[in-house]
Amino acid sequence: MGKLKEFTSSSLFLPVVALAVLLVFNAIFVDGFLTIQMTEDGRLYGRLIDILTRSSSLVILALGMTFVIATSGIDISVGAVVAISAAVVCNLIGGRGDGVAETPMALAMLAAVGVGILCGVWNGFLVSKLKIQAVVATLILMTAGRGIAQLMTEGQIITVYYKPFAYIGGTIPGNILPTNIFIAAAMVLLVVFIMKKTSIGLFVQSVGINPTASRFAGINVTMVIFLVYAFSGFCAGVSGLIESSLIRAADANNAGLNMEMDAILAVALGGTLLSGGKFYVGGSVIGAITIQTLTTTMYALGVSADQLPVVKAIAVVIICLIQSKKAQEMFDKWKAKRAGDQGLEKAVEKA
Amino acid sequence: MRKILALLMSVFMLVFAAGCGGGDQAASSGSGSGSGGKGGKEITMGFSQIGAESEWRTANTESVKQAAKDAGINLQFSDAQQKQENQIKAIRSFISQGVDIIAFVPIVETGWDTVLKEAKDAKIPVIVVDRDVKLSDDSLYVAKLGTDSLAEGKKVFDWIDEYMKKQNKKPRDGGSQFNVVVLEGTVGSSVAIRRQEGFKNAMAASPDASKYNILASQTGEFTRQKGQEVMESFLKSYGDKIDILFAHNDDMALGAIQAIEAAGLKPGKDITIISIDGVKGIFQAMIEGKANCTVECNPLQGPLLMETAKKVLNGEKVEKLVYVDEGVFPADVAEKTLPERKY
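As C-alpha cells, then:
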C-alpha cells in the first residue's frame, strides 16, 4: 500500500495515467491495437511498434528540450535544425540512382550530428553569452533554418537509394526492432546515466530557479545554459537522421515541421513547468510517446490529418487540466461543497 | 558592453538602410525599363510557387524559370513554403512592384478574392497556374492554365480496371470485390478534390463498378512522410484485404511502398499501386517492380505559360482554360521511358 501511495504522489503518476487511458481507449475501440506479430523475416510488427518507431525522434527532441526548459529557456529552432541535419546527411550520401554512397555513411551521419551541435552552440552563444531572450534567439534559426536546408538541397527532395541508410529508421536484418527505437533508448539511458553520476541535473535545476543565487553559489551559469542549448542541438541532429532515414529522403519543407511545438508539449505533459526549475526526464519521454499515440489513434479511427490538431488540442487541454494543481483544488472544493449540500438536504429531509 | 552593442546595432541598421535604398533603386529602374519596354517587349512576370513539396514541383519551377529565360521575360520568383499567407504577401509585393503580369500556383482553392481584386484594381492581369481557385468573380483572372485533374482521376480508374482484367487478378480476401485504399492529397486543394472526383465518377459510370470497393480514404498531404504513416495505419487495419492503392501523387506512393515492405508484403504484386504525376522516383520503383503505373501530370507548363502571358499582354484573346498534354505510363514501359524523363 505504501508503494502505491508513493507512486500516486510521484511526478510520473499523471503522465503515466494519461498514456494508460489512451492505450486502454485504443485497446477497446481499435481492432487489433495490442496485437504484435512476428513477420516472416523475424521482425516485430504492430501498432504499438509503430508508436515507438514514430515517437523515437520526438522522444530525443524532448530530452534536449527538457533541459532547456529547466533552465527557464526555450528552443523553438529544433524543427528547423532537424531539417538541416536531414539535408546534410542526404546531401553527403547523395541521391544517386545506382545506390552508391558518395560519402561513407558514418561520416555523413557524424557531419549531420555535428551540424546539429553547431546550431545548438550558436543558440547557446546567443542566449548565454549575449543574453538574448531564448525565444528571440532561437527564433532566428527557426526561420532561417529551413532556408538553409533548402539551399543545401537546392529546393529538391533528395532521395537516397543507398540501402544501409534505411537502417537508421528501419530494421537492420536480423534485428527484431527498428534501429531508431534503440537510438532513442540509448539517448535516454545516456541522460539518466549522466544525471545519476554527475550533479549537472542539480545545476540545471538551480539555474532555472534562480540564476543569480546559483552564480553566487559558485555555479558557472553561462556554461550550464550554453551546454543545454548545445545538447538540444545535438538531439535535433540525431532526430534529423531518423526523420530522413524513415522516408529515405531529405524534405526540407516538411522534415521536422512543427516538431518544436510537439517537443515543448511533450515536456509540458511530462510535468515540467515552462517557468523552469524542477524537471522530469521520464515524464518528457512518456509525454512524447503520448503525443504519438494520440496521432496513431486518430489515424486508426480514420480522423483525417487536417482535423487532427483540433482533436490533439482537446486531448491536451484535458491532460493539462488533470495535471493542474489549481484545477484539482477547484475540483476538490466543488466536491466538498456538493457533499456539504447533500448533507444539508438530508438533514432538512430528516427534520 | 551595452553601448558597444547599441553602436553595432546602429551601424548595422545604417548598412541595412543603405542596402534597402540600393535595392529600391534597382527595382525602380527595373520596373522603369519594364513599363517602357512594353513596346520593346521586356515583360516582368511575378510568379508565386507553392514551395518544393516534391520532385514534380521542382520540375514545374524549373520549367517556368527556363521558359521565362527563353522567352526573354524577366521573372520575379517567390517560394511560398507551403503557406497561403506567404503567397498573398508575394502577390501584394508584385502589385506594389508594378509587374506586368502575375502568375501563381494557388496552394488552396479559396481565400483569394481580396488579393486578386487588388491586382485587378492595379490593372495587372493574373494567370492561375496548375491548380484551381474558387472565386466569386471569374473576371479576377484572365486564364487558368494547367493539368486536367478530373481526366487524371478517370485515367487511373480506367487503367486499374483494364489491368485487373488483363492480369486476371482475384481479390486477396477471396471475396467478390477488389478493395481499394486511397491516399488523398492536401485537404481542400483542387487537385486532390478533382482527382478523387474523377476517379469516383469513372468508377460509378463503369459497368464494373460493383467489382470495386473503396475501403478507406485518408489524406497523406502529398508528402512521403504522411503517405508512409497513413499507409502503415491502413495496413494495420485491413492488412490482408487491400488489393489496390491509389495515391494522389507519386511521393505518397513512394512512402507507402516502404510501409508495405515493412509489413512483409510485396508492393506492386500483393498490392497493385497506381499514382499520379510521373516523377523519376516512381519510374525507378516501377523498374524494381514495386509500383505498377503512373498517370502523368505534366509539370512542364513554363512554355505554355509564357506563350499565354505574351498573348494576354498583346491584347489577344485567350481561352479561360488551357490544358497541357498528359500520358499514362505502366511499369512495362518504365525502363524505356526513364532516360527521357525531365523530372
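First to last, the protein sequences are chains A and B. If you want the numbering used here, it's the 1-based position in the first sequence plus 1202. If you want the numbering used here, it's the 1-based position in the second sequence plus 6. By construction, the Cβ of each residue, glycine as well, lies at the ideal position given by its N, Cα and C atoms.
Please indicate yes or no: does the CB of residue 1439/A lie closer than 7 angstroms to some heavy atom of the ligand GDP?
-> Only the bare structure without any ligand can be found here, which leaves the ligand GDP out of the picture.
Status (buried if at least 16 other CB within 10 Å, exposed otherwise) for residue 174/B | exposed
Kindly say whether residue 50/B, judged by its beta-carbon, lies nearer than 8 angstroms to any beta-carbon of chain A.
-> no
Closer than 8 angstroms, Cβ to Cβ, to anything on chain A: give me those residues from the region 229-244 of chain B, in chain order.
-> 229, 230, 231, 232, 234, 235, 236, 238, 239, 242 and 243
Alpha carbon of residue 1479/A to alpha carbon of residue 1485/A, nearest angstrom = 14 angstroms
So is residue 37/B in contact with chain A if we call contact Cβ pairs under 8 angstroms?
-> Any reading at residue 37/B needs caution, since the residue's pLDDT is 39, under 50, leaving its predicted position unreliable; the model's value is listed next. Output row for residue 37/B: interface = no.
Cβ neighbours of residue 28/B in the same chain (closer than 7 angstroms, five flanking residues each side left out) | Because the pLDDT at residue 28/B is just 38, under 50, the model does not fix this residue reliably, and the value given afterwards should be weighed accordingly. If we look at residue 28/B and ignore the five residues flanking it on each side, it has no Cβ neighbours.
Flag this pair as touching only if the region 1377-1387 of chain A and the region 1229-1247 of chain A have three or more C-beta atom pairs under 8 angstroms; answer yes or no.
-> yes
Taking the CB atoms as reference points, tell me whether residue 1329/A and residue 1339/A lie closer together than 8 angstroms.
-> yes
What does residue 190/B pair with, by DSSP beta-bridge criteria?
-> 225/B
Taking contact to mean at least 3 C-beta pairs separated by less than 8 angstroms, is the region 248-255 of chain B in contact with the region 1213-1226 of chain A?
-> no
In chain A, what lies closer than 9 angstroms to residue 117/B by C-beta?
-> Correct list: empty, because the minimum Cβ distance to chain A is about 15 angstroms.
Using DSSP with H/G/I as helix, E/B as strand and the rest coil, what is residue 346/B?
-> helix
Taking just the CA atoms, how far does residue 268/B sit from residue 1245/A?
-> 9 angstroms
Please report how far the alpha carbon of residue 345/B lies from the alpha carbon of residue 290/B, in whole angstroms.
-> 11 angstroms
Under 9 angstroms (Cβ pairs) to chain B, residues found in the region 1319-1342 of chain A | 1332
Own chain partners of residue 44/B with C-beta closer than 6 angstroms, once the 5 adjacent residues on each side are dropped = Confidence in residue 44/B is poor, its pLDDT being 45 and thus under 50, which makes the residue's placement too unreliable to answer from.
Inspect the CB distances between the region 226-239 of chain B and the region 251-271 of chain B and report whether three or more fall short of 8 angstroms.
-> yes
C-alpha gap between residue 272/B and residue 229/B, whole angstroms | 22 angstroms
Alpha-carbon spacing of residue 1297/A relative to residue 336/B, whole angstroms | 24 angstroms
To the nearest angstrom, report how far apart residue 311/B and residue 1268/A are at their CA atoms.
-> 51 angstroms
Does the region 157-170 of chain B come close enough to the region 272-286 of chain B that 3 or more CB-CB pairs lie under 8 angstroms?
-> yes
Whose Cβ in chain A lies nearer than 8 angstroms to the Cβ of residue 64/B?
-> 1357, 1358 and 1359
Would you say residue 261/B faces chain A, with C-beta separation under 8 angstroms as the test?
-> yes
Anyone know if the C-beta pair for residue 1281/A and residue 1460/A falls short of 8 angstroms?
-> yes
Tell me whether the beta-carbon of residue 51/B lies closer than 8 angstroms to the beta-carbon of residue 134/B.
-> no
Environment of residue 61/B [buried if 16+ CB atoms lie within 10 Å] | buried
C-beta atoms of residue 253/B and residue 233/B nearer than 8 angstroms | yes
What does DSSP give as the partner residues of residue 51/B in its beta bridges?
-> 81/B and 107/B
Chain B contact for residue 1364/A (CB, 8 angstroms cutoff) | no
Paired residues, beta bridge with residue 1240/A - DSSP = 1246/A
Nearest neighbour of residue 300/B, chosen from 334/B, 167/B and 71/B [CA to CA] | 334/B
Stretch-stretch touch, CB-based, cutoff 8 angstroms, three pairs: the region 86-104 of chain B with the region 117-126 of chain B = yes
May I ask you to list the residues that DSSP assigns as paired with residue 1437/A?
-> None, per the DSSP bridge assignment.
Is residue 120/B buried or exposed, if buried means 16 or more other CB atoms sit within 10 Å of its CB?
-> exposed
Using DSSP with H/G/I as helix, E/B as strand and the rest coil, what is residue 127/B?
-> helix
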